[in-house]
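Residue numbers (my numbering), protein chains in the order written: chain A, 1 to 281; chain B, 282 to 562. Even for Gly, the Cβ is constructed at its ideal location relative to N, Cα and C. Comments concern the structure below.
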């Protein structure tokens, strides 16, 4: 069994030093509590509600930044892995909404968010590379960031490439939903887990930032699509999962959710463009 | 607004005459009650729990069968459309798990289920053509059958081709789910509606057939992913929806769930084959 912990932190916008300290402490505490996979939110080192590109740039860091060595030291005792979001600046001067996958050896992979949400488009450059599947000491992880999950092509791709666990740092803006309903992002994650037989850990954030609240809907979902952990009052969502189960795509002797795919009939999914031949009234 | 009604019938296995009469009566009643789109279950004319291919063949019909003229007459007063499942026999002698889309003029389209579930594979030949999007007097409909919904490529394709409403005749075998949870098929349909901004009507079936119970989870889901109708005690799920809303893929000024797609990064979805480089322990 692998203990997976999401830490629903409350980063301060543009408060780099405090955020670095908070994320490292959260990862260290989680490992002490037995976690081997620790997920912190999207843009955990930078905050989210930037007033300008300049403000975001002021807290954008590189994968060589010492914080990732701190995360590596924090996961080392468990031979574990930490995944978290950061504002990344590259040599071209552009900034990205990125996530790092860090084990005891350092940064294993960086993913740059492809599907930017709303005003992120005014701040960040979208990634141009598909999300990675990373072999880590704690399992084969696929990485997405927030809105990426709502494009079924992306989690499907990760699962087809053998991901045992999809880790998704998120910042889900607060929504009102009908009584008794989950926020739609969690419904989407459950359906994704179910259709792909893959476990998913979504780490949302907490706290109000420049007037913005969040769903605070962190969850760990097993490979059959059931929510097995949500955030407790201290913002910790933790569950023990057998990640090997994500390799079993069968449902009885005659059903296999991957073997039953008909990729020769899926061309339209990749190439079709929206067809609106009837005007919207 | 368009009234959409799912009729959660209980067909008898291999009892063709009764099933034809029941489906036609249900469509007629629904139209009298104001429906313009009426959905009846998967294999509504034939039943489901066949003992043999021969038994299925004994009740397999062609799109030229008079029952579809009866359905056409039933929807004519509303200039409506009926969608329902039937066991189809073709000139090659093979039988298919099919669905017909019927308006007052007759059969507009036939779809043959591509993703056969479990023992269906021992009875039916899988379809080899992608599901259709059909312009009908009551809207542009995309057609799937049951397990097809769990392959996100298919509903995505229908939505990208402009479907305003996905209609899905189903036979969902009874599952036990954790307290307070929906059956996973409905969660998948909600996520599908949400991610694609498309309305979905799933018509499940009722009744015990050769020891098999069903989820009886028929639902109408709006284009934002909310369940707006489930089956009442008489097995009727009905809702009025503005299907034009399915053309609006925006979420605020800067988000468009289709415009934000990055198809150039989705190749893996179509072509990847499962990669299992780590043996399952």
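| request: Give the interface partners of residue 190 of chain A over in chain B, defined as CB-CB distance under 8 angstroms, in chain order. | output: 465, 468, 472
| Reference residue 20 of chain A; option with closest CA among A:1, A:108, A:47, A:35 | Minimum Cα distance to residue 20 of chain A is reached at A:47.
| Among B:523, B:539, B:459, B:401, the one whose alpha carbon lies nearest that of residue 323 of chain B | B:401
| Interface flag, residue 398 of chain B vs chain A, CB-CB below 9 angstroms | yes
| message | Comparing C-alpha positions only, which one of B:385, B:460, B:381 sits nearest to residue 423 of chain B? | response | For the residues B:385, B:460, B:381, the minimum Cα distance to residue 423 of chain B belongs to B:381.
| task | Would you check if there are 3 or more beta carbon pairs closer than 8 angstroms linking the segment 82-97 of chain A to the segment 148-160 of chain A? | result | no
| field | Continuous alpha helix (DSSP H) assignments of at least 4 residues falling wholly in the segment 412-483 of chain B | value | At a cut-off of 4 residues, the continuous stretches assigned as alpha helix (DSSP H) that sit fully inside the segment 412-483 of chain B are 434-441, 465-477.
| field | C-beta contact flag for residue 383 of chain B and residue 375 of chain B at 9 angstroms | value | no
| message | Using beta carbons (cut-off 9 angstroms, strictly below), is residue 403 of chain B in contact with chain A? | response | When Cβ-Cβ separations below 9 angstroms define contact, residue 403 of chain B makes contact with chain A.
| task | Can you check DSSP and say which residues form a bridge with residue 384 of chain B? | result | B:362, B:387
| task | Kindly give me the distance between the Cβ atoms of residue 138 of chain A and residue 220 of chain A, rounded to whole angstroms, as I take these residues to be in contact under 8 angstroms. | result | Contact doesn't hold; Cβ gap of about 14 angstroms is too wide.
| query | Among B:398, B:338, B:311, B:409, which has the Cα closest to the Cα of residue 362 of chain B? | reply | B:311
| request: State yes or no: is the beta carbon of residue 302 of chain B nearer than 9 angstroms to at least one beta carbon in chain A? | output: Chain A contact via Cβ: absent.
| Who are the near neighbours of residue 316 of chain B in its chain, counting only those whose CB is closer than 6 angstroms to its CB and skipping five residues on each side? | 284, 286
| message | Which of the three DSSP states is assigned to residue 90 of chain A in this structure? | response | coil
| Quick one: is residue 513 of chain B near chain A, going by C-beta distance under 9 angstroms? | no
| If you measure beta-carbon to beta-carbon, which residues of the segment 148-165 of chain A are closer than 7 angstroms to chain B? | 150, 151, 152, 153, 156, 157, 160, 161, 162
| said: Assuming residue 404 of chain B is part of the beta strand (DSSP E), what are its boundary residues? | reply: No beta strand (DSSP E) contains residue 404 of chain B, which DSSP labels as neither H nor E.
| field | Members of the segment 172-183 of chain A near chain B, C-beta cut-off 8 angstroms | value | 178, 181
| query | the segment 479-501 of chain B: which residues have C-beta closer than 8 angstroms to a C-beta of chain A, in chain order? | reply | Against chain A - using a Cβ distance shorter than 8 angstroms - the segment 479-501 of chain B contributes no residues.
| task | Determine which residues share a DSSP beta bridge with residue 71 of chain A and list them. | result | Answer by DSSP bridge pairing: none, since residue 71 of chain A is not bridged.
| field | Chain-order list of residues whose beta-carbon lies under 6 angstroms from that of residue 78 of chain A (same chain, five-residue window excluded) | value | Cβ-Cβ distances below 6 angstroms link residue 78 of chain A to 31, 36 in the same chain, with the five nearest sequence neighbours on each side left out; the list follows chain order.
| Is there a Cβ from chain B that is less than 9 angstroms from the Cβ of residue 254 of chain A? | yes
| said: Does the segment 181-197 of chain A come into contact with the segment 218-237 of chain A, if we say contact requires no fewer than three beta-carbon pairs (one atom in each stretch) closer than 8 angstroms? | reply: Yes, they touch.
| query | On the three-state DSSP scale, how would you describe residue 97 of chain A? | reply | Of the three classes helix, strand and coil, the one that applies to residue 97 of chain A here is strand, per DSSP.
| task | Would you identify the three-state DSSP class for residue 542 of chain B, choosing helix, strand or coil? | result | DSSP places residue 542 of chain B in coil when its eight states are reduced to three.
| DSSP three-state call for residue 118 of chain A: helix, strand or coil? | The answer is helix: DSSP assigns residue 118 of chain A an H, G or I state.
| message | Just to confirm the assignment, what range does the beta strand (DSSP E) spanning residue 221 of chain A have? | response | 219-221
| field | residue 237 of chain A: first and last residue of the uninterrupted beta strand (DSSP E) it sits in | value | Counting along the chain, the beta strand (DSSP E) containing residue 237 of chain A begins and ends at 236-241.
| query | Which residue from A:215, A:202, A:25, A:198 puts its Cα closest to that of residue 250 of chain A? | reply | The residue with the shortest Cα to Cα distance from residue 250 of chain A is A:198.
| Applying the criterion that 16 or more other CB atoms from any shown protein chain within 10 Å of the CB defines a buried residue, is residue 165 of chain A buried or exposed? | buried
| Going by the beta-carbon positions, is the gap between residue 477 of chain B and residue 449 of chain B smaller than 9 angstroms? | no
| First through last residue of the beta strand (DSSP E) which encompasses residue 2 of chain A | 2-7
| task | Give the residues from the segment 12-36 of chain A that approach chain B closer than 7 angstroms (Cβ to any Cβ), ordered along the chain. | result | none
| request: Examine chain A for any beta-carbon lying closer than 9 angstroms to the beta-carbon of residue 411 of chain B, and answer yes or no. | output: yes
| Listing by chain order, which chain A residues have their CB less than 8 angstroms from the CB of residue 476 of chain B? | 150, 151, 152, 188
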